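No gaps in the numbering here: position 44 of the sequence shown is 43 in numbering that gives the first Met the number 0, and each next residue is one more.
Heads up, the thing below is written out as structure tokens.
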Amino acid sequence: MASLAQVNGLHAQTPEPPEGSYSESQAQGIDRMIMCPVCPAETIDQAQVEISFQMRAVVREMLADGKERDEILDFFVERYGKDILAAPPKTGANLVAWLAPVGGFGAGLVAVFLIIRSMSRQRPALVRAQPVQDAGLIPYLELVDRHLDLTRGGTSNQPSYSVESRGTGVPEQAEGQTGKEDNG
């Protein structure tokens, strides 16, 4: 019996919504659009404090008086400011908050498409060009090849050439010649 009295006592504390020509689902939808000014990150639909109960009663009274959703929201914005709305209005600078995620997602899709397209293109195989050899370089290159063969411990089976340096008029020593006279 005592528990029944407690339930009746709690029921008496919550304001009764006035009867009118509105649906409770319509009132609950508006409740979800209005933030509780006391509770952080809760709408008046979720909050369990006295002010949210009072705000819900005001919403139902205004609906019973024939007010539209936008009129009710404007009433609360006039009293508490735009921060009372659960979602920012879709006008002015707040429009950026609505369009930026969509624009970022679209730009990301375009970037992924372009990257995949550039990666899938058939590129012609790179052909390595053979080095162009000047006919005048052939004796020098052969001399280098022979020198490399001798320094690696091998023997050269190529004939020895005497190559004259350009501009000096001094012939270079052929293979096996050091240019110094042996004194002993």
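All C-beta atoms, glycine included, are put in the ideal place defined by N, C-alpha and C.
Owing to the predicted nature of the structure, the values given are computational and were not obtained by experimental measurement.
Starting from the Cα of residue i, find the closest Cα among the options and give me that residue.
i    : options                : result
C35  : Q25, F52, A63 and S24  : F52
Y245 : F112, I50, A63 and D44 : Residue 245 cannot be examined here, being either before or after the span of the chain that is shown, 0 to 183.
P39  : G65, A85, E67 and M61  : A85
Compute the Euclidean distance between the alpha carbons of residue i and residue j, then round it to the nearest angstrom.
i    : j    : result
S2   : G107 : Any reading at S2 is ruled out, since the residue's pLDDT is 44, under 50, leaving its predicted position unreliable.
I71  : I33  : 10 angstroms
T42  : S24  : 15 angstroms
A56  : N93  : 29 angstroms
I29  : P100 : 25 angstroms
I115 : R151 : 51 angstroms
K89  : V95  : 9 angstroms
I83  : L113 : 43 angstroms
A26  : R78  : 19 angstroms
For residue i, which of helix, strand or coil comes out of DSSP?
i   : result
M34 : strand
T42 : strand
For residue i, count neighbouring C-beta atoms within 10 Å of its own C-beta (all shown protein chains included) and say buried if the count is 16 or more, exposed if not.
i    : result
I137 : exposed
N75  : At residue 75 the sequence reads Phe, which differs from the Asn that was named. With 16 or more Cβ atoms within 10 Å of its Cβ, F75 is classed as buried.
D44  : buried
R31  : exposed
V58  : buried
R120 : exposed
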